[in-house]
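Structure, as structure tokens:
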Amino acid sequence: MENITVNQRAYRLPNRPLAVICADGCAEEYLSLGFAHGELPHLAELASNGYCGLARGALPSFTNVNNCAMVTGTPPARSTPMKVVK
Numbered sequence: 482m483e484n485i486t487v488n489q490r491a492y493r494l495p496n497r498p499l500a501v502i503c504a505d506g507c508a509e510e511y512l513s514l515g516f517a518h519g520e521l522p523h524l525a526e527l528a529s530n531g532y533c534g535l536a537r538g539a540l541p542s543f544t545n546v547n548n549c550a551m552v553t554g555t556p557p558a559r560s561t562p563m564k565v566v567k
């Protein structure tokens, strides 16, 4: 298994393709109720056969800032070239 290092963190490459789905701006309750009521069957199947978790975003919430942080594994202050104006 091959390893790579990104932002001073070592990662083992997956042995099969990997997809990350970010449901930006979606409250956890929407997903759990949709799963329970059978309204999200395809997403529920993906979640049950893989991993489903929550990530706390940076505030104020900016989609690109949070997505860069998730992809790079670093805090928003280090993962994006944008300067967030408070």
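Just so we're aligned, residue 482 is where the sequence shown starts under the working numbering, counting upward by one.
Backbone N, C-alpha and C define an ideal beta-carbon position, used for all residues, glycine too.
Since the model is a prediction, treat every value here as computed from it, not as a measurement.
>> Please classify E530 as buried or exposed, where buried requires at least 16 neighbouring CB atoms within 10 angstroms.
In response: The residue you call residue 530 lines up with position 49 of the sequence shown. Rather than Glu, the amino acid found at residue 530 in this sequence is Asn. The residue in question, N530, is exposed, as its Cβ has fewer than 16 Cβ neighbours within 10 Å.
> When the distance is taken between beta carbons, is V546 closer than 7 Å to P557?
Replying inline: Walking along the sequence shown from the start, residue 557 turns up at place 76. Walking along the sequence shown from the start, residue 546 turns up at place 65. Yes, Cβ-Cβ distance for P557 and V546 is below 7 Å.
> How is the alpha helix (DSSP H) around N484 delimited, first residue to last?
Replying inline: On the sequence shown, residue 484 is found 3 positions in, with the first residue counted as 1. No alpha helix (DSSP H) contains N484, which is instead part of the beta strand (DSSP E) from 484–487.
>> If the criterion is Cβ atoms closer than 7 Å, does the pair N484 and T553 meet it?
In response: Along the sequence shown, one-based indexing puts residue 484 at 3. Along the sequence shown, one-based indexing puts residue 553 at 72. Going by beta carbons, N484 and T553 fall outside the 7 Å limit.
> In terms of residues, what are the limits of the beta strand (DSSP E) holding A491?
Replying inline: Numbered from 1 along the sequence shown, position 10 holds the residue referred to as residue 491. Note, A491: beta strand (DSSP E), 490–493.
> So, helix, strand or coil for H523, using DSSP?
Replying inline: Translated into positions along the sequence shown, residue 523 becomes position 42. Reduced to three states, the DSSP call for H523 is helix.
>> Whole angstroms are fine: how far does the CA of A550 sit from the CA of E510?
In response: Taking the sequence shown and counting its residues from 1, one reaches residue 510 at position 29. Taking the sequence shown and counting its residues from 1, one reaches residue 550 at position 69. For E510 and A550, the distance between alpha carbons rounds to 23 Å.
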